[in-house]
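S.K.: First to last, the sequence lines map onto chains A and B. Following the UniProt record's numbering, the numbering of the first sequence begins with 1 at its first residue and continues without gaps. Following the UniProt record's numbering, the numbering of the second sequence begins with 1 at its first residue and continues without gaps. Heads up, the beta-carbon is just placed ideally off N, CA and C, and yes, glycines get one too. Have a look at this one before I ask anything.
Protein chains: 2
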Amino acid sequence: MIQASSVAIYGVGLIGGSVALALRAAGYTGEIIGYGRRASELARAVDLGVVDRYGLDAGDVAAQAQLHLVCVPVLAMRQVFDAIASQLKPGDVISDVGSTKQSVIEAARAAFGELPGGFVPAHPIAGTERTGVSAAFDSLYRNRLAILTPTEASTEAAAMEVERLWQACGARTIRMGAAHHDDVLAATSHLPHMLAFALVELLATRPDHDEIFMYAAGGFRDFTRIASSSPDMWRDIALANRGAVAANLDALILRLQDLRSAIACEDADQIESVFRRAKQARDAYVNLTEQTPDP
Amino acid sequence: MIQASSVAIYGVGLIGGSVALALRAAGYTGEIIGYGRRASELARAVDLGVVDRYGLDAGDVAAQAQLHLVCVPVLAMRQVFDAIASQLKPGDVISDVGSTKQSVIEAARAAFGELPGGFVPAHPIAGTERTGVSAAFDSLYRNRLAILTPTEASTEAAAMEVERLWQACGARTIRMGAAHHDDVLAATSHLPHMLAFALVELLATRPDHDEIFMYAAGGFRDFTRIASSSPDMWRDIALANRGAVAANLDALILRLQDLRSAIACEDADQIESVFRRAKQARDAYVNLTEQTPDP
């Protein structure tokens with residue numbers, strides 16, 4: 001269990017709320033304080049037993065906590081870092097849950113002047129398409145992966161506290177460089193989200209969109225699930241990781257153009273070999289995930 | 001229930017096998033005869049209670065049945081139509097389950113000389129990423145939609161028998177023109193499959209593909225489920241509906257290029273408006289499907 005006797009959650013939605021619930025479920029007895037901009041949502045978080053109390057001033061909240069977890073959209077993190085910078089105490093541990101890591105580190109450097117030893121960026125690979133504190137649940141991170149991307153300034157003590165946090169939530173932890181994280185996630189998470197959003201938006205703007213959706217098959221529901229994700233959050237991710245996202249979009253557009261040519265030229269072998277490699281890789285991926293319990 | 005006293009299923013895999021099981025579950029007491037190319041798979045279908053018996057000669061099988069349901073990949077239908085053409089009897093009803101309808105009608109016209117009155121093409125919008133008769137189950141079509149695309153030669157009597165077939169399987173039926181079907185399905189089904197195959201193949205051919213898949217989130221599994229579909233079947237669909245599939249790929253590639261530009265130019269409003277329209281459409285679609293029982 002974490003050593004901090006009090007935790008501040010900045011941004012109490014699905015992600016931050018689920019951390020709070022998971023800590024409680026794991027037996028954490030310290031105080032959990034929420035920060036946000038909307039008092040109504042925070043009052044709801046208290047009613048739901050997600051946080052013990054809340055504050056609307058990030059600096060005030062920061063002064064009362066030892067472990068600080070920033071769970072706002074990635075481009076809003078700078079603002080939170082700015083607000084808490086002057087209230088951090090020696091030994092405080094600061095982490096975040098952002099889906100992009102280089103941009104968060106830049107924001108922290110700008111806000112804190114130099115990167116604090118206690119700052120260990122992280123990214124739990126979990127989430128649903130739902131949003132808000134009402135969607136939070138204590139098992140969101142169970143058997144998921146939390147990637148830590150310590151900076152050159154991070155202390156080992158702080159990194160271990162962040163590992164304890166995610167392990168208490170049921171996640172496995174791993175460490176990698178922020179740049180590598182951003183490249184890998186652009187391919188496996190950011191690119192699929194861009195595709196799902198673009199596809200659904202294409203269909204939604206057809207003149208016959210009502211009919212289109214009426215005839216969509218079951219597979220369509222799964223395929224487009226991530227297009228129900230938060231537009232704000234994903235706008236921020238697309239911008240914060242724009243280099244890697246654009247590069248991955250370019251690579252995919254080339255593949256789609258090749259596939260389109262193969263279809264137009266009736267190159268059956270080429271089409272089938274693309275589909276077959278994809279099926280093999282996807283089946284292997286599913287076998288891999290099924291080897292871990294409760295995937 | 002259907003009026004035919006015997007049914008021939010040409011191609012006893014997930015789709016054809018599930019029709020047979022659904023007919024039985026609905027109380028059909030006539031004979032169900034399977035046709036296929038591999039005796040081992042057909043013997044398995046008999047063992048599993050999916051069909052009563054089987055034949056390896058499509059013409060022989062056709063001579064013994066009144067309702068003929070062709071469930072082979074769309075580009076293999078011509079061959080089956082050729083083989084059964086001379087064995088059809090007056091009053092026989094012929095249908096299929098192909099995901100593209102204009103190509104099937106062309107194949108029938110070529111094989112039968114002129115389109116038989118008993119021929120009513122159809123497409124049940126259902127399926128899973130699994131294949132083979134072992135994957136068949138009797139509720140695959142329950143609360144699903146079966147689209148009939150009668151030709152100008154189809155008799156009303158035959159169309160009603162095909163409707164009874166799908167209604168006995170638990171599906172709702174609807175009729176529309178074959179060209180309209182192919183256009184709508186290109187957008188809602190064929191395009192998403194092309195995207196899923198292309199994305200997974202892109203990732204699978206990266207040098208770091210093992211690591212890539214290791215860090216894929218839960219959403220990735222849903223998003224790529226359809227990339228585990230049958231490469232043969234989907235190669236055929238891409239080719240059989242190549243005009244509409246290519247046009248939809250072109251439209252999507254343009255959207256992806258626009259989105260890529262918006263990301264590279266940091267046009268936050270444009271990015272967010274795409275994502276927001278997509279989320280609204282997808283949420284509305286889910287609400288729509290949740291209004292029908294057991295979606």
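#1: Who pairs with A:P124 in a beta bridge, going by DSSP?
#2: Excluding five sequence neighbours on each side, which residues of the same chain lie with their C-beta closer than 7 angstroms to the C-beta of B:A58?
#3: Does the Cβ-Cβ distance between B:V97 and B:I15 come in under 9 angstroms?
#4: How big is the Cα-Cα spacing for A:G13 and B:E161?
#5: Per the contact definition of three or more C-beta pairs closer than 8 angstroms, is the region 175–195 of chain B in contact with the region 33–48 of chain B?
#6: Name the chain A residues that come within less than 7 angstroms of B:T151, Cβ to Cβ?
#7: Which chain B residues sit within Cβ distance under 8 angstroms of A:V184?
#8: Threshold first: 4 residues or longer. Then list the alpha helix (DSSP H) segments lying entirely within the region 132–182 of chain A, N to C.
#9: Could you check what DSSP says for B:Y285 in three-state terms: helix, strand or coil?
#10: Can you give me the Cβ contacts of A:L165 inside the same chain, cut-off strictly under 6 angstroms, excluding the 5 residues immediately before and after it?
#11: Could you name the residues of chain A that B:V200 contacts, counting a contact when the two beta carbons are closer than 7 angstroms?
#12: How should B:N248 be labelled, buried or exposed, when 16 other C-beta atoms within 10 angstroms of its C-beta is the threshold for buried?
#13: Residues bridged to B:Q119 by DSSP?
#14: From A:G117 to A:A108, what does the alpha carbon distance come to, in whole angstroms?
#15: Please go through the same chain and pick out, in chain order, the residues whose beta-carbon is closer than 7 angstroms to the beta-carbon of A:A216, but skip the five residues on each side of it.
#16: Out of B:V104, B:H68, B:Q87, B:L88, state which residue places its alpha-carbon closest to the alpha-carbon of B:V74.
#17: Name, going along the chain, the residues of the region 69–81 of chain B whose beta-carbon falls closer than 9 angstroms to a beta-carbon of chain A.
#18: Where does the unbroken beta strand (DSSP E) through B:G34 begin, and where does it stop?
#19: Got a sec: which bits of the region 82–94 of chain B sit with their beta carbon under 7 angstroms from any beta carbon on chain A, in order along the chain?
#20: Count the other CB atoms, across all protein chains shown, that sit within 10 Å of the CB of A:S18; report buried if there are 16 or more and exposed otherwise.
#21: So with CB distances below 9 angstroms, who are the chain B contacts of A:Q167?
#22: Is there a Cβ of chain B sitting closer than 9 angstroms to that of A:E160, yes or no?
#23: What is the residue span of the beta strand (DSSP E) that A:S230 lies within?
#24: Can you check which of these residues, B:T188, B:P124, B:Q64, B:V7, is closest to B:T149 by C-alpha distance?
#25: Please work out which residues of its chain come closer than 7 angstroms, Cβ to Cβ, to B:M176, disregarding the five sequence neighbours upstream and downstream, and give them in chain order.
#26: Using the rule of at least 16 other Cβ atoms within 10 Å of the residue's Cβ for burial, across every protein chain shown, is A:A157 buried or exposed?
#27: Short of 6 angstroms in beta carbon distance, which residues of its chain neighbour B:A153, apart from the five on each side in sequence? Order them along the chain.
#28: Which parts of the region 54–107 of chain A are runs of the beta strand (DSSP E), unbroken and 3 residues or longer, counting only runs that do not cross its ends?
#29: Going along chain B in order, which residues have a C-beta closer than 7 angstroms to the C-beta of A:T224?
#30: Using C-beta distances below 6 angstroms, list every residue in its chain close to B:E163, excluding the 5 sequence neighbours before and after it, in chain order.
#31: So A:R282 and B:S228 are supposed to be a Cβ contact under 8 angstroms. How far apart are they, rounded?
#32: Establish whether the CB of B:F197 and some CB of chain A are separated by less than 9 angstroms.
#33: Give me, in chain order, the residues of the same chain whose beta-carbon lies closer than 6 angstroms to that of B:D92; leave out the 5 immediate sequence neighbours on both sides.
#34: For B:L21, decide whether its Cβ has a neighbour in chain A, counting only Cβ atoms nearer than 9 angstroms.
#35: Should B:S95 be labelled buried (16 or more other beta-carbon atoms within 10 Å of its own) or exposed?
M.R.: From the atom records:
#1: A:A146
#2: Y10, Y35, V80, A83, I84
#3: yes
#4: 53 angstroms
#5: no
#6: Result: empty, since nearest Cβ-Cβ is about 20 angstroms, beyond 7 angstroms.
#7: D208, E211, I212, Y215
#8: 156–168
#9: helix
#10: I2
#11: A278, A281, R282
#12: buried
#13: Note on identity: in this sequence residue 119 of chain B is Phe, with Gln being the wrong assignment. In the DSSP output, where bridge partners are listed per residue, B:F119 has B:I94.
#14: 12 angstroms
#15: none
#16: B:V104
#17: L75
#18: 31–35
#19: none
#20: buried
#21: Chain B residues near A:Q167: none, gap ~18 angstroms exceeds 9 angstroms.
#22: Inspection of the sequence shows that residue 160 of chain A is occupied by Met rather than by Glu. No, A:M160 lies away from the interface with chain B (no Cβ there is under 9 angstroms from its Cβ).
#23: Looking at the DSSP string, A:S230 is not in any beta strand (DSSP E), and its letter there is neither H nor E.
#24: B:P124
#25: I147, T149
#26: exposed
#27: L115, G117
#28: 67–70, 93–96
#29: R282
#30: T173
#31: 5 angstroms
#32: yes
#33: Q66, G118
#34: no
#35: buried
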